[in-house]
Amino acid sequence: MKRTSLILFLSASILAAASVVYAGSDKSPQTRYIEKYSALAVEEMYRSGVPASITLAQGLLESRYGLSELAVDGNNHFGIKCHNWSGGKMYYDDDRKGECFRKYSSAEESFRDHSDFLRYRDRYKFLFDLEPTDYRGWANGLKKAGYATDPSYPQKLIKLIEDYELHRFDTKPSSWTGDEVSDDSQAEDRKPTKAERKARKKRKSKEKPHERPQAPSVIEKAKPLTEKQRETFHFALSRQMYSMNGVPFVYATDGETYASIAARYNLFLREILKFNDLAEAETLYPGTVVYLEKKKKEAAYGIDKYVVEGPNENLRNISQRFAVRLDKLCRMNGCSPDRRLKDGDVIILRK
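Residue numbers (this note's numbering): 1072 to 1422.
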């Protein structure tokens, strides 16, 4: 009888211990992924403007909740291919055999590169004009812009967002550090992840609340001159004038030359050529931007880099687009003005 009682007692103890272990491991890999990376997704949302729900949904889908070969061996959570990537690389069979994918030193680096991949490529910039909580618009827009070839890609993202209520992270304040991710009141106590500790430290170091950055289209949009700038050109206000990155300019009209524009604004020809990074005058086509003052040393806040897409790009054109002096652009990128650009090249605009 005593032996039977002892066996029953030991069996009950083993079952109790097993239930404790099981209780601590009964979360799905999806939930664990969300808990691990939600703080990082929110941090990236305030840095880049990409909704946290979209970042998490793409990470879940592309990395198979962190368990894919790319994620495990290369910290690549978003399936981003090499293109002109100069960092680590790994090869994996995807649409084609042995395709090149980016390899990162950490998940944080992967999340940051994903945000930059979307923010600084022209084909994705329209997404940042959407409301921050419009995850459906983002999901459909990513497919429209060519992020994925799967026709059901938007629906898969939306389902993940709604099934796991990822949209709740789109309204988290910048001070949120991921301490209250789980909705389960019985959730086990756990130590903060590296991503959460990093996010918490970054939040505490900031004196002012961190707001989401403006959409690239807003920052890059030509603006009417400020009152102070108008005072400088008071003698020529009959013509509409604009500014980019705080630098005044006009759009050339049919028949104009650099010399005629210089004369109209009381400038020497050599001055206006220097402002526009030209060694000598060239043919002016209608709509060409002509700066009337020296361009800035770096691009406007929120436009840190530019990713080349398509042929016929050159540094001087990029310099004109963002109102950054060509010599400063070359210095930031360690190159000469005649550098030949390729699709996927990353041009630094701000240090």
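Each residue gets a CB set at the ideal place from its N, CA and C atoms; glycine is no exception.
Small disclaimer: the values here were computed from a predicted structure and weren't measured.
How long is the line joining the alpha carbons of residue i and residue j, rounded to whole angstroms?
i	j	result
A1350	E1364	16 Å
H1154	G1415	6 Å
I1419	A1219	26 Å
Y1329	P1319	15 Å
L1397	N1385	11 Å
A1352	R1135	56 Å
F1424	T1303	Residue numbering for the chain in the displayed model covers 1072 to 1422; residue 1424 lies beyond these limits and cannot be assessed.
D1234	V1395	45 Å
E1140	A1128	18 Å
L1228	G1212	12 Å
R1411	M1403	16 Å
P1382	I1389	13 Å
L1237	D1164	30 Å
F1172	Y1162	6 Å
V1121	G1169	30 Å
D1205	T1242	11 Å
T1359	Y1322	5 Å
E1106	E1115	15 Å
E1133	G1249	22 Å
L1131	R1310	53 Å
Y1313	Y1336	14 Å
I1290	R1421	14 Å
E1327	R1341	16 Å
R1207	E1298	41 Å
N1147	Y1104	14 Å
Y1191	G1405	20 Å
A1334	P1295	22 Å
D1409	L1138	44 Å
L1427	E1202	Residue coverage of the chain in this structure runs from 1072 to 1422, which leaves residue 1427 outside it and unanswerable.
S1126	D1184	According to the sequence provided, residue 1126 is Thr. The question's Ser does not apply to it. The straight-line gap from Cα to Cα measures roughly 11 Å.
W1156	A1142	17 Å
K1413	R1387	15 Å
Which residues in the same chain as residue i place their Cβ atom closer than 7 Å to its Cβ, once the five residues preceding and following it in sequence are excluded?
i	result
D1193	E1380
K1214	Y1224 and P1225
Q1285	G1373
Q1101	L1131, Y1136 and Y1235
K1399	K1368 and E1369
A1371	I1290 and N1316
Among the options, which one has its Cα closest to the Cα of residue i?
i	options	result
K1368	G1159, N1316, G1212 and A1178	N1316
D1166	E1202, S1186, D1221 and A1123	D1221
N1471	Q1391, S1314 and Y1372	For the chain, the structure presents residues 1072 to 1422; residue 1471 sits outside this window and is missing.
L1111	G1405, P1244 and G1159	P1244
A1178	G1145, A1210, R1190 and S1331	G1145
G1159	K1152, F1188, N1147 and K1174	K1174
F1188	L1201, K1152 and I1343	K1152
I1232	A1216, W1209 and G1217	W1209
K1292	A1216, D1325, F1393 and T1354	F1393
Y1195	A1216, E1202, T1126 and W1156	A1216
If I measure Cβ to Cβ from residue i and keep anything under 6 Å in the same chain, skipping five residues before and after, which residues do I get?
i	result
K1230	none
W1247	V1113
D1066	Because the chain in this structure spans residues 1072 to 1422, residue 1066 falls outside the shown range and cannot be described.
V1417	K1376 and V1378
Y1362	V1318, F1320, F1346 and N1347
T1354	none
D1325	P1357
Just to check my reading of the structure: residue i and residue j have Cβ atoms closer than 8 Å, yes? What is that Cβ distance to the nearest angstrom?
i	j	result
F1149	S1181	7 Å
S1124	F1240	6 Å
D1200	S1331	Rounded, the Cβ-Cβ distance is 37 Å, inconsistent with contact.
S1099	S1186	With 8 Å as the limit, S1099 and S1186 do not qualify as a contact, their Cβ atoms being about 26 Å apart.
Just grab the DSSP bridge partners of residue i for me.
i	result
S1314	K1294 and P1319
I1419	K1376
E1170	Y1163
K1367	V1395
V1360	Y1322
D1152	The identity of residue 1152 in the sequence shown is Lys, whereas the question assumes Asp. Answer is F1172, bridged to K1152.
For residue i, which residues of its own chain have a beta-carbon under 8 Å away from its beta-carbon, when the five flanking residues on both sides are left out?
i	result
S1407	C1401
Y1356	A1323
S1176	N1146 and G1159
Heavy atom of the ligand ADP less than 8 Å from the Cβ of residue i, yes or no?
i	result
R1103	The ligand ADP is not part of the structure shown, which contains no ligands of any sort.
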